[in-house]
Each structure stands twice: as C-alpha cells, then as structure tokens.
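Scroll down for the structure; my scribbles are underneath it.
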Amino acid sequence: MTSYPDLKSHLSLYFKEAVQRNSFSEFFKKSKNPLSRLNATDVKNIVEITIREVLIDLINIRADSTHLERVLQFSIDAAMHDIAPGNVPVLILGDMFESSTIVECEKYFTFVESRVDTFKKDLFFKACKNHLLRSCNDLLKRLSRSQNTVFCGRILMFLAHIFPLSERSGLNIISEFNLENTTTYNTSDDTFPDLIHDKEDVTEEGEITTNQIPIVVDKNLYKKFWSLQDYFRSPNLCYNKLQWRNFSSCTSDILTVFGSFKSDDANTSKWKQLPSANGGCVYFAKYLTSPKLLELELSDSHFRRYFLVQFLILFQYLNSTVKFKLESYMLTEDQQNWIKDTTITIYQLLEETPPNGKTFAHDVVKILLREEYWNVWKNEGCPDFKSLTDKADIEKRLRKRPADNLRQFPNKKTNADTTKTWYSVTNNWDACRSAKRNFVPSLESFFGITNKNDSGTMIQKRDMSDSKYQWKALRLLCMKSPHIFTANTAPAKSVPEYLEAVIEKFAKEKPQTHQEVVVETAVADDEAMEDANDEFFPASEEDSKEEVKVKKDVLTKSMIEAVAGKLQNHWQALAVKFGFQEDEIEYYTTFPDAKSQTVQMLTVWMERDGSLPVFTKVLSSQGLLKSVQALIVL
C-alpha cells in the first residue's frame, strides 16, 4: 500500500502537469486509481493540501498569472467532482492575496470577478460566503481609500453582486460611527500672517485670472470650517446644547461665505484640469487641510458638493428614528425649524454649483429618500425582501375571460329533476308571472300581527335593534304602506322607535272586532318561504278533473319498476321510438345498470308527455307487448 507522503507527491506531480497542459481531466484520470483506496474525507483533505502546496510553489517561482488562474479553476472543478471541499476555491484566493503585492492582487481579483455566477451556486455559496467575505475585508484593510479607490470600489461591487440584497454581513446594524476618522488641521496662529503675502504671488501656470473678489481666509474662518468635520464624524455631539450652539453658529457662517462667493465653473476654474486615461472626470478623494489651500478648495465645485452633502446626511440622521439611538437624543422644535431652513439654503447652493447643479440636487434628494427606506428596513430587523409578482403573470390574469373559467369544469348533463322542471309547464313566462311566485310577505305576516278572538289584536314583538330587520322592514313599508310617506312635524325618532310606532298604528287600523290592542312579547324567528314547483298555477276545477282523468292512463312508479326488468335489453331502441335525442340517451347510459337506465328513461318519458296507450302501441310495434302485458293495467 502506498504511503501518505508518496501519494501526496504523486498527486502534486499530476497536478503540476495538468496545470502546465491546462487539462484537469488528465489529473482526474491519473488520480482516480490511487484515491480509490481512501475514504471520501481523506480524499478531499489530501487533494486540498496538494492544490494549496502547488499554488505556493508557483507563487514562489513567480509563475505567470495564467497558471495561477488555472489553479483556481481546477480547484473549482475538483469541488464540483466531489474530490475537494467546497471552500477550496476561496482558500486558494486567500493564499493568493496574502502572498502577493497590492498590484498583483488587483490583477488576481479579475479571476474572482469573472466567476461571480460560479460562487453564487449552492455548492460554493454556503461553504464559501464567510471565507470570501473575510478575504475581501482583509484585502480592503490593506488598501488606501485615496490611492486605491478604484480597486476598493471593485471589491465592494463584487460583494454587492455575490450576496443577496437582504444579507446582513458587513451591515452597520447598531448604527456605529467611525470615530477614528479624525481630521487634523493647523491651529497655530503663526501660519495665517503668511497668507497675506501669498496673495501677491504671480499667477501660476494653468491658473486663470478672475475679477471676482477673493475669499478672505482668516484664522476664524479656517477653524470654523474644519471644526465641522468633528460633527460629521460624530453626529451625536449635536444633541448636546453647547455643542449644538457652536455647530449652528459655524454652519451659518460657512453657508454665508458659500452664498457670497460663487464657485468657478469648468471653464474658469483656477485649478488646471488633469488629463484622464479614459476621458472621465478627475477628482480628489481626500482634501488637504492646509490654510493656504482653503481658498482654492472653496472655489472647487466638487469640494463644495462634498461639504454640502455632508450637512444633508447629518440632518437626515438627526431627524430620523434610529433603533439603537438613545431616547434622550431628541431635537427641540427650534432646532428642527433651523434644520428645515438650513436644508432649503443648502439645496439652493447645490443648484447654483456648476456643472448641472439642479440635476445634482435632484439626484441627492432621491438618494437620501432611499436612505430613509434603508433605515426603516434596519429598524425592522432586516427582513427578507419579497419578490414582486411577474408583470406578465399579472397581465395574463387580467386578460382572463369568464369563459376561460367555465372551460375547466366538465360539461355534465342535467339530472331527472331538472328535466322534469323544464317540461312541467308549457309556458315558462306564465309560470314566472304566477301569483304563487310572489314571495314578498305581507305586512301582517312580517310584523307578526294576528287577530286574537275576544282579546283584540296580538303583535309578536320583534328585535328592532337588528340592522338587517330594520332594513327589510323599511323596504317593505315603502312598498306596501302609506305611513312612511306622510308628512310629520314631530321630532325625528330613532329607527326602532319609528318602526314600533308604525306597527302599532297599522295594527289599530286593521279591521277587528275589539279595539283593544294586546302586545304579546315573544321571540319570533323569520319564517322561511318555500318554493313548490307544483304550485306555479292556480288549480281550477276543470284542471283538477282533467288531471284525474290523465292519471288513469299513465304508468305508475310500481309499473315502471316491474316492466323495466323485462325491457332492459331493448331500452335504447324504445328510447328512439319515444323521441329521445342522442345526447339524452347518452346521459341515461351513465346510470349503473341496464334496469336503472330503463327506469330513468321511462320515468322521464312518462313525466314529459307519455301515456299508457302510446306505451302499449310502441311495445306492440317492437314485438315486446306480450312480455309485459300481464304487468300493466289498461
């Protein structure tokens, strides 16, 4: 059996050859046989060690970046083939960054940016996200914000792409401030007398003269200006009364200077524009605090914008509800009014600052509005964002027609009761107009007014406080009683009192033998109105005689049950003779057996227009009369 050191040396040799030839499949084939003797855990451990040792060897010999990228890609392939842990690619990146210079790290970071989709897969994201975040944060600590601004931005953009929007990693949950970000400035009085002599210097190359009165930068203006950075660094100082007084005084003086001295536009800037490799705008990420430079900085539009936007961010924090802010950190009404007026002044200065001042101010408003949403989200505990419904699904739902809903239900045939109802009368419109179809109750029955022998009129007391009963009672009175429309000069009553008065008046006017009105208290329920199909038409004496005569010439239910067993093998032929359509015959076939199918067919035919003489005539024509003649009564 091969020892562990020998196996590792063989794997290292195979892996180096695969990197040179750019063929991971070759390494996978050669290592498959020796690795088959180990369990899964040992295989992953030895492959991880092999890949990391080969990477260190390549870095030590100053190998080309192409070979290092192959090592990273092979580590991803090994994890996907389940011969290496899922976090190996991130460990490889960590080794690259820790053993390389910043310039080399910036080149190696392109390996990561080109594989964002790979690291988003479940195999790598769950195992790599913490290591990946730690490696990026360690790399950010090595970088300078002023000298490596672009590289810092690339790292932050990568983290924004790799992590979901609701990810809390790296989020300032408790709203801490970076108090270490101090701004040092000159407080010595010896520097300021030299500023007067510097005004008389000749114009330098690239500097354009202007007729505008220059800003007089004295000691007080300089100290007030840079002292405001302490409040931007720690906004909670503004909740102290003495600190607030100093802050508001310095702010008012600085904004007055900004308003009286307009910044130079792009064409008359005192600062010579520096060329850019890609033609983009060049700006300073960090400004110096020398007293000699303050006049030039105040003339720079970018510097002005940075300074004014800092005020807006500070004001938004002071007025916002922050979950971890102390309850004592509250602004007075005067302070809130001062912030409101100062905010208007700052936006006016931003609009006057070239280039595109109004557009820039409008964009700042939108950004700060989104910052409010972000603050609310953090106060609520950073819940997951719910994805919006796809617009196409919404439009499809809106376009859906009612007929589309009906198509999903089966087209069932009607049952026997429905068929009987259809053919029970000859004229459906007359049936609808019948007096039997009038289900509106009378006033007597609805209000429970009945005659009581020798004791007057009895009224069942209803629950007048029920809103449903009040609504029904008022509608019924509008239809059938003139009392509701009579002019009344008496004060308005409540609905229950009004209904009781109307009911009592109606009961007194009702014809009766005694004038006494007896009110009996009882809990009465609304009676259900029953709909009987056989009572559609008033039955006259002639109709009754004709009905009795017809009933003598019909098949009774017992007769149908008796003859069904004899005719069950021929019921479909008889159905055609009785005038049934194909769809009706198809419906009868849905019954369980031939006898029940025959019973159903004969029942419907007899209820429709059948008679015993016609039945015997049809059976005689089919030669079936003899088999059932003893069962029917002619």
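Every number in our numbering is 1384 more than the matching position in the sequence shown, counting from 1.
By construction, the Cβ of each residue, glycine as well, lies at the ideal position given by its N, Cα and C atoms.
Note that this is a predicted model, so its numbers are computed, not measured.
Restricting attention to S1420, K1428 and Q1457, the CA atom closest to the CA of F1408 is found in Q1457. The beta carbon of W1989 is closer than 6 Å to those of F1962 in its chain, skipping five residues each way along the sequence.
Closest option to S1980, judged by alpha-carbon separation, among G1949, V2002, G1994 and E1968: G1949. In terms of Cβ geometry, V1455 and L1439 form a close pair [threshold 8 Å].
The alpha-carbon separation between I1460 and L1442 amounts to approximately 18 Å. The alpha-carbon of Y1606 is positioned some 50 Å away from that of F1503. Taking H1465 as reference, the option from L1698, A1544, S1415 and L1524 with the minimal CA-CA separation is S1415. Annotation for V1427: L1419 and I1467 place their beta carbon closer than 6 Å to its own, counting only its chain and skipping 5 residues before and after.
A residue is called buried once 16 or more other Cβ atoms fall within 10 Å of its Cβ, and S1387, having fewer, is exposed. Sequence-distant partners of Y1853 (beyond 5 residues in either direction) whose C-beta falls short of 7 Å from its own C-beta, in its chain, are R1846 and D1847. Close CB contacts of S1611 within its chain, under the 7 Å cut and outside five residues either way in sequence, are with C1634 (chain order). Only residues of its own chain outside the window of five on either side were considered, and among them F1561 and L1563 have a CB closer than 8 Å to the CB of S1618, listed in chain order.
The segment 1689 to 1760 contains no complete beta strand (DSSP E) run of 3 or more residues. The beta carbon of G1741 is closer than 7 Å to those of L1734 and E1735 in its chain, skipping five residues each way along the sequence.
For the pair I1435 and T1425, the Cα-to-Cα distance works out to about 16 Å.
Note on geometry: alpha-carbon atoms of F1542 and F1744 lie some 26 Å from one another. Here the segment 1754 to 1761 makes no contact with the segment 1715 to 1733; the two share fewer than three CB pairs at distances below 8 Å. In the three-state reduction of the DSSP assignment, D1479 falls in the helix class. Exclusion of the five residues before and after L2008 leaves L1951 and H1954 as the residues of its chain whose Cβ lies within less than 7 Å of its Cβ. In summary, S1636 is exposed, with fewer than 16 beta-carbon neighbours lying within 10 Å of its beta-carbon over all protein chains present. With a 10 Å radius around the Cβ and a threshold of 16 neighbouring Cβ atoms, N1532 comes out buried. Spanning the alpha carbons of K1820 and D1814 requires a straight line of approximately 11 Å.
DSSP, read as helix, strand or coil, puts I1868 in helix.
Residue burial is scored here from C-beta neighbours: C1489 has at least 16 other C-beta atoms within 10 angstroms and is therefore classed as buried.
Ranked by Cα distance from L1702, the options N1624, T1737 and G1643 are led by N1624. For Y1398, the uninterrupted alpha helix (DSSP H) segment begins and ends at Y1388 to R1405. In this structure, Y1492 sits away from S1528, with a CB-CB distance that is not shorter than 8 Å.
The straight-line gap separating the alpha-carbon atoms of Q1732 and M1480 is approximately 50 Å.
The alpha-carbon of A1447 is positioned some 47 Å away from that of V1748. In the displayed model, L1677 falls within coil according to three-state DSSP, outside both helix and strand. Proximity to K1856 across T1834, T1974, V1760 and S1826 peaks at S1826, based on C-alpha coordinates. Here F1687 is not near E1679, since their CB atoms are 8 Å or more apart. Contact annotation: G1470 and L1517 have beta-carbon atoms that are not nearer than 8 Å. Collapsing the DSSP output to three states places P1767 in coil.
Distance between Y1713 and I1697, taken at the CA atoms: about 17 Å.
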